[in-house]
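What follows is a short report on a single structure.
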Amino acid sequence: MAKQREKVLVIVQLSGGNDYLNCIVPWEDPRYRDARIGVRITEDEVIPLDNGLGLNPGMSAFKELYDQERVAIIHGIGYPTPSRSHFRSMDIWHTATPDRVGEQGWLGQAVRQLDPSGSNVVTAVNFGNGLPRALAAPGVPVASVGNLEDYGLLTGMSGAAQREQALSAFSRIYTPGVGSGMVMDYLGKTGLDALKGADILKQAPKLYESTVEYPDNPIAQALKGVAQVHFADLGTRVFYTVSGGWDTHTNEVTLQRGLWEEVSTGLRAFYQDLEEHDLGPEVTILVFSEFGRRVKDNGNGTDHGSGGVSFVIGDAVKGGHYSEYPSLDVGRLIEGDLAYNFDFRGLYTDLLEDWLGLDAQEIVGGNFEKISPFVDAVA
Amino acid sequence: MTTGTRRSLKYLETNGFGAAQGGRGYHFPVDIAVRSDDRIYVLSRSGQGSLNGTGISVTDIEHGWHGEFSSYGTGDGQIQWATAIAFGPNDRLYLADEKLQRITIFDTDNKYVSHWGSAGSGAGEFDGPSGLAFDDDGNLLIVDHKNHRIQRYTPDGDFIDSFGRNGAGDGEFDYPWGITIAPDGTTYVADWRNDRIQRFTKRGDFIDAYGASGDGEDQFNRPSAVAVDGDGYIYVADWMNQRVQVFDKDWNFQTSARGQADLGPWAAEYIDANADEKRARESFNPYPKLDVDDPHEVSARTEPYFWVPVSLALYKDDRLLVLETARHRFQIYETV
Amino acid sequence: MSTVTNVGTDFDLIAHLLRRTGFGATRDELEEYAALGYEGALDKLFNPGDADALPVDLIRRYHADQSDLRIPPSSGSFWMYRMVTTKAPFEEKIALFWHRVFATGQTKVIQGKVMISQIEMFRKYGLGSFRELLIQLSRDPAMILWLDNQDNHKDAVNENYGREILELFAMGVGNYTEEDVKECARAFTGWTIANMPYMSTKMRNNTLRPYGYIAWQYEYDESDHDDGEKTFLGETGNFNGEDIIDIICKNPATPRFIARHLYHHFVADEFPVPQWPFEEPKDPEAIQIMVDAYFANDYSIGAMLRAMFASDIFKAESTRFARIKSPVEIVVGTLRLAGDFDWPTDDVYKATAACTYMGQQLLGPASVEGWMGGDDWISTGSMVQRINFASDTVGDPEKRGIKSIIVRIAERHEPGNVEPEALVDDCLDLVGRLQVGDDTLEGLVAFARDQGDVDASTDDGAGKITSLLQLIVSSREYQLA
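Residue numbers (the working numbering), protein chains in the order written: chain Y, 52 to 430; chain X, 45 to 380; chain G, 22 to 502.
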């Protein structure tokens with residue numbers, strides 16, 4: 052019998068700009084062959100899909116998920132007045148605010164709705180250092196975990212016994228005394244919360260048992276961490292992971308294939324793990340990148356463009372194509388880029404309203420057309 | 045050697061492209077060497093945030109691209125802080141790494157053969173190998189820069205001898221960098237922090253030192269490399285003055301070059317693929333009027349100028365290749 | 022809070038001054054400045070001489086990416102080296118101050134090189150006349166592109182810079198009208214950069230291809246300047262940017278606004294900037310001292326600060342440890358304490374990244390309003406980073422700064438074991454005279470006691486002192502400046 056858990060959202064961010072054209076490949080389209088003279092996925096290499104499209108040769112494991120009807124492909128996703136700056140475009144995706152510099156992350160705001168009092172310090176867990184802007188919102192606790200195995204405070208202390216003593220002393224010196232003032236109280240509470248979060252999270256790997264072998268690459272290992280924390284039932288609702296290196300101005304064919312192999316095999320292992328633990332139905336994954344790339348190649352790679360592709364993956368997802376592949380007609384391109392034809396804030400609305408059951412309008416700043424990728428939407 | 049006319053540098057063209065993720069181009073290249081079959085090897089040190097850009101690329105004088113090898117890491121044949129490459133007997137390629145404190149050998153198919161070296165200041169140990177050159181006996185001279193000395197090895201890595209110590213006197217060094225053996229057998233060392241070039245006999249005996257700190261004609265600011273052609277003309281990469289200076293064998297000043305790169309074929313292909321940049325570049329003035337005079341700043345703002353000209357190589361003895369770290373390219377000059 | 026050592030109080034005052042004008046002090050620095058007396062220390066801070074930081078040629082030789090300073094880790098680390106190794110940390114504190122007020126971000130301008138040039142400009146002009154600083158700022162290429170002044174044309178005004186110079190940089194909302202914003206923007210038409218079309222396209226496309234970035238050069242385009250008559254803050258004339266700046270600088274709202282920023286940065290945490298129009302300054306007297314100094318000294322920022330530092334308000338016990346350290350203060354202060362970065366090392370990137378993880382990306386402020394500061398720095402995530410970075414950094418007894426602390430402790434005592442109370446006392450003294458509350462003191466002493474006997478002259482003792490230092494820099498009090 053399936054265990055009942057609250058629904059969780061896992062983000063897989065592809066940093067650098069995943070080349071849409073060589074990811075979901077319109078390989079039968081002569082306009083593709085004309086535009087991609089030096090940087091093309093050839094007929095021998097492409098993994099045929101349907102609708103005249105194919106997958107990057109690095110995505111064979113991804114194809115298995117697609118064949119299981121778990122993958123929604125969202126074509127031509129973007130936003131008005133595209134930015135070709137990594138930083139700016141990523142910031143727009145993170146804050147859902149294309150028209151000005153946004154202040155709060157979309158997921159940070161979601162976490163605040165999920166846990167308004169901040170009572171669970173691990174409602175959101177980021178695998179990586181620092182805090183992605185997407186998770187940043189005042190007063191919202193987020194645990195950023197480099198490596199679950201050694202996550203915690205005072206990790207630089209030499210010797211386990213010394214560290215235990217130091218952590219015990221830490222707990223003592225952070226416990227606010229009477230009348231120590233607001234600032235000291237706040238520092239004390241936050242420090243102890245951090246300690247608590249670390250104590251909770253470090254249980255996860257100890258409880259974890261699985262026969263699934265994850266590939267030895269950073270994104271697959273991060274997904275393994277997601278599985279460990281999810282299985283430990285700590286009340287985490289939002290997970291964040293990042294795969295880097297997608298900025299393929301040169302050497303694209305080799306690089307992108309390798310990166311997709313890492314992501315695809317990582318996702319496949321993650322799903323095998325979820326199935327083994329009968330915990331798949333609670334999980335939905337969003338895979339996104341800050342932009343697609345130029346239609347015309349530069350000889351050895353492609354440059355920053357707009358109009359990309361996102362994926363929503365999960366047992367609750369209706370697999371297939373959503374929105375439309377933007378036209379490759381030269382006349383329909385915008386400054387040499389694919390025109391976006393679906394606003395990403397609509398997809399965020401799907402995920403926030405119909406998956407996490409939250410109020411999306413405030414977070415994404417308005418009403419946006421949804422794609423409805425789920426089999427059964429939350430009421 | 046002709047008299048009466050000065051040696052000059054005539055700009056021909058530029059080879060390069062910023063390739064932070066590897067592929068066709070370079071990323072923070074630090075050394076360049078020409079193989080006996082005229083293949084040109086460029087060593088990309090790369091930098092923080094783009095470890096994929098680390099490696100050795102192979103090109104030719106016609107802008108052909110023949111792939112790349114090696115990568116960031118500590119394994120056999122890998123690189124951490126690469127400093128120099130040189131071709132030894134049988135066209136084997138030698139690579140110096142100042143962080144791994146080792147010299148790595150690749151065969152003519154660019155495959156890893158072996159490496160040697162360990163950290164230290166004793167005989168046969170390194171503290172920052174940073175310049176490589178083979179003498180006409182086929183032995184390898186290594187600038188062991190933080191030990192302020194030059195070491196000599198057999199091509200198989202057996203220590204022979206060394207010379208030099210820290211200081212500013214004759215035969216003393218202050219963090220030396222590049223080294224070259226002239227066709228007549230004289231050894232030239234870029235004595236980096238002493239702002240001078242020193243010459244030694246094949247046995248390592250001091251001949252002379254030339255240069256002082258500054259930006260005048262007889263001055264250098266952290267020279268990093270030297271090349272010497274068959275006529276004895278000396279080319280110096282004047283690293284922080286962002287120029288190349290040319291002297292005759294008696295140190296008579298010939299000319300100085302600041303760089304005049306234009307778009308090579310790889311760059312042109314990129315511009316063609318980006319219509320907005322192509323359009324915007326039509327009104328581009330490569331030499332804007334500047335309000336700075338620090339050469340580093342001037343080069344930062346002037347695309348054709350050398351920016352961090354770190355290494356030099358002669359091609360068929362009549363062309364000078366000037367490698368620029370911060371512009372991911374080399375400019376090609378005819379020596380006339 | 023109780024003072025845990027009874028050495029002369031001047032040391033505490035000098036330590037306070039050096040926390041605010043720098044990044045705290047090692048014992049050697051503290052003694053050097055204390056020997057000059059308070060006035061003498063101020064003289065030295067305002068006339069520091071050569072920064073004598075890690076030389077640029079070495080940095081560029083070992084970090085190829087710090088030649089072009091393209092990406093944030095490179096440009097941020099270049100500045101990090103300077104902050105950690107300079108003998109003139111006040112320059113860096115001033116640069117950080119203006120970086121916060123005139124918040125410009127590499128996130129948009131892309132080029133770390135021009136960001137570093139802007140910081141260099143802050144070092145050079147940051148303590149001088151505010152008029153000269155505003156002129157330099159208005160010509161600063163990073164600022165021009167950050168606020169779109171390259172799109173501010175004679176026949177198509179873009180108000181972004183015209184607005185922000187009034188709202189965020191010099192006066193604050195409520196001291197000018199929308200009409201003033203328009204007229205101000207008109208006066209700055211033609212203040213642009215060379216090769217503007219190509220440079221702004223490259224910025225938008227955010228790519229180093231083909232040959233790396235070309236750093237920007239300020240250019241005044243007279244043909245694109247609107248030379249017509251303008252009325253600004255009640256004055257009328259054919260104003261150019263410099264005239265507007267003259268009018269801004271003589272307006273009393275300007276020094277009040279700048280003084281409040283200075284107070285926030287150097288004296289005590291203020292309300293977040295957006296609340297300023299609605300909240301009175303926390304200490305109006307402090308503001309007035311600085312406003313008077315501004316008008317008496319040709320708009321000199323240095324004079325404002327000197328007057329502030331000389332005041333009893335600044336010296337008061339209640340002002341000490343009244344600010345939450347920014348991430349940069351935590352990171353740089355701890356690295357200086359440990360004596361790091363005598364030679365180029367990849368660890369510099371970890372330090373720069375640590376600031377980012379704690380919420381303060383150097384050269385990448387979160388918005389045009391810079392960083393809020395105060396308790397905005399503190400979250401569970403940032404606390405993990407602050408504590409782990411600091412405790413990790415001081416965790417090596419072989420580091421120059423840590424060794425020096427251990428040697429000093431050994432020198433202060435007879436050979437043999439040091440009592441836990443005395444050991445804690447010494448350590449708090451030697452990390453820059455940190456004052457801690459009674460609870461913390463008891464916790465530290467208990468930890469020292471649990472560790473067992475400490476003989477500072479042995480390796481075992483050095484290890485235990487190091488552990489105690491690690492706990493001290495993890496304390497709540499260490500979060501305060």
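Ideal Cβ positions, reconstructed from N, Cα and C, are used throughout, including at glycine.
Since this is a predicted model, take the numbers as computed values, not measurements.
I'd like to know if Gln213 (chain Y) contacts chain G, where contact means its C-beta is closer than 8 Å to some C-beta of that chain.
yes
With three or more C-beta pairs closer than 8 Å as the rule, is the region 235-252 of chain G touching the region 349-364 of chain X?
no
How many Å lie between Val25 (chain G) and Asn69 (chain Y) at the Cα?
Confidence at Val25 (chain G) is low in this model, with a pLDDT of 40, below 50, so its placement is unreliable and no value can be given for it.
Tell me the DSSP secondary structure of Thr19 (chain G) in three-state form.
With chain G running from 22 to 502 in the structure shown, residue 19 (chain G) is simply not present.
Hey, could you find the ends of the alpha helix (DSSP H) Asp250 (chain Y) is sitting in?
Met233 to Leu252
Report buried or exposed for Lys223 (chain G), applying the criterion of at least 16 other Cβ atoms within 10 angstroms of its Cβ.
buried
Bridge partners of Asp60 (chain X), per DSSP?
Position check: residue 60 (chain X) holds Gly in this sequence, whereas Asp was assumed. Note: Gly60 (chain X) sits in a beta bridge opposite X:Arg373.
Identify whether His145 (chain Y) lies in helix, strand or coil by the three-state DSSP scheme.
helix
Taking the alpha carbon of Leu365 (chain X) as the reference point, which residue from X:Thr49, X:His71 and X:Val78 has its own alpha carbon closest?
X:Val78
For Gly328 (chain X), return the contacting residues in chain G, with the cut-off set at a CB-CB distance below 7 Å.
Per the sequence presented here, residue 328 (chain X) reads as Phe, with Gly not at that position. Simply Asn216 and Tyr219.
For the alpha helix (DSSP H) holding Gly61 (chain G), just list the boundary residues, first then last.
Gly58 to Phe67
List the residues that DSSP assigns as beta-bridge partners of Asp385 (chain X).
For residue 385 (chain X) there is no data in the structure shown, the boundaries of chain X being 45 and 380.
Have a look at G:Val178, G:Phe143 and G:Ser347 and flag the residue whose alpha-carbon is nearest the alpha-carbon of Ala503 (chain G).
In the structure as shown, chain G begins at 22 and stops at 502. Residue 503 (chain G) is therefore absent and cannot be evaluated.
Tell me the residue span of the beta strand (DSSP E) that contains Asp188 (chain X).
Here the beta strand (DSSP E) through Asp188 (chain X) covers Leu184 to Asp188.
Could you work out which residue in X:Arg193, X:Gly222 and X:Ala226 is closest to Gly211 (chain X) when comparing CA atoms only?
Among X:Arg193, X:Gly222 and X:Ala226, the Cα nearest to that of Gly211 (chain X) is on X:Arg193.
Does any C-beta atom of chain X lie closer than 8 Å to the C-beta of His84 (chain G)?
yes
What ranges does the alpha helix (DSSP H) occupy inside the region 96-127 of chain G, keeping only unbroken runs of at least 4 residues that lie completely in it?
110-122
When we look at the beta-carbon of Trp364 (chain G) and count the other beta-carbons within 10 Å, is it buried (16 or more) or exposed?
exposed
With three or more beta-carbon pairs closer than 8 Å as the criterion, would you say the region 312-328 of chain G touches the region 269-285 of chain G?
Touching, yes, given that three or more Cβ pairs across the two stretches are closer than 8 Å.
Give me, in chain order, the residues of the same chain whose beta-carbon lies closer than 7 Å to that of Asp354 (chain Y); leave out the 5 immediate sequence neighbours on both sides.
His300, Arg344 and Arg345
Using a Cβ-Cβ cut-off of 8 Å (strictly less than) and excluding sequence neighbours within five positions of Pro386 (chain G), which residues of its own chain qualify?
These residues qualify, in order along the chain: His120, Arg121, Ala124, Thr125, Gly126 and Trp392.
For Met233 (chain Y), does the count of other Cβ atoms within 10 angstroms reach 16, so buried, or fall short, so exposed?
exposed
If you count every other CB in all the chains shown that lies within 10 Å of the CB of Pro424 (chain Y), and 16 or more means buried, which is it?
buried
Examine chain Y for any beta-carbon lying closer than 8 Å to the beta-carbon of Tyr378 (chain G), and answer yes or no.
yes
Which of the three DSSP states is assigned to Trp109 (chain X) in this structure?
Here Trp109 (chain X) sits in strand by DSSP.
Would you list the one or two residues that DSSP bridges to Lys54 (chain X)?
X:Glu378
Give every residue of the same chain whose Cβ lies closer than 7 Å to the Cβ of Gly69 (chain X), excluding the five residues on either side of it in the sequence, and list them in chain order.
The residues are Gly60, Phe61, Gly62, Ala63, Trp310 and His372.
List, in order along the chain, the chain G residues whose C-beta lies closer than 7 Å to that of Ala324 (chain X)?
Pro218, Tyr219 and Thr222
Answer with buried or exposed for Tyr241 (chain G), where buried requires no fewer than 16 other C-beta atoms within 10 angstroms of its C-beta.
exposed
Take Pro133 (chain Y) and list the residues in its own chain whose beta-carbon comes closer than 6 Å to its own, dropping the five residues that flank it on each side.
Ser357
Which residues mark the beginning and the end of the alpha helix (DSSP H) in which Ser355 (chain X) is found?
No alpha helix (DSSP H) holds Ser355 (chain X); the beta strand (DSSP E) holding it covers Pro353 to Tyr359.
Let me make sure I understand the geometry here. Which of Y:Val229, Y:Val196, Y:Trp157 and Y:Glu154 has the alpha-carbon closest to that of Val432 (chain Y)?
For chain Y, the structure presents residues 52 to 430; residue 432 (chain Y) sits outside this window and is missing.
Closest to Arg56 (chain Y) by CA distance: which of Y:Tyr376, Y:Leu325, Y:Glu420 and Y:Glu386 is it?
Y:Leu325
How many Å lie between Ile288 (chain G) and Leu165 (chain Y) at the Cα?
For the sequence presented, residue 288 (chain G) should be read as Val rather than Ile. Between Val288 (chain G) and Leu165 (chain Y), the C-alpha separation is close to 38 Å.
Does DSSP put Ala430 (chain Y) in a helix, a strand or coil?
Interpretation of Ala430 (chain Y) is limited by its pLDDT of 38, a score under 50 that renders its predicted location unreliable; the figure taken from the coordinates is listed afterwards. Residue state, collapsed to three classes: coil.
Distance check for Ser378 (chain Y) and Leu389 (chain Y), CA to CA, integer angstroms please.
7 Å
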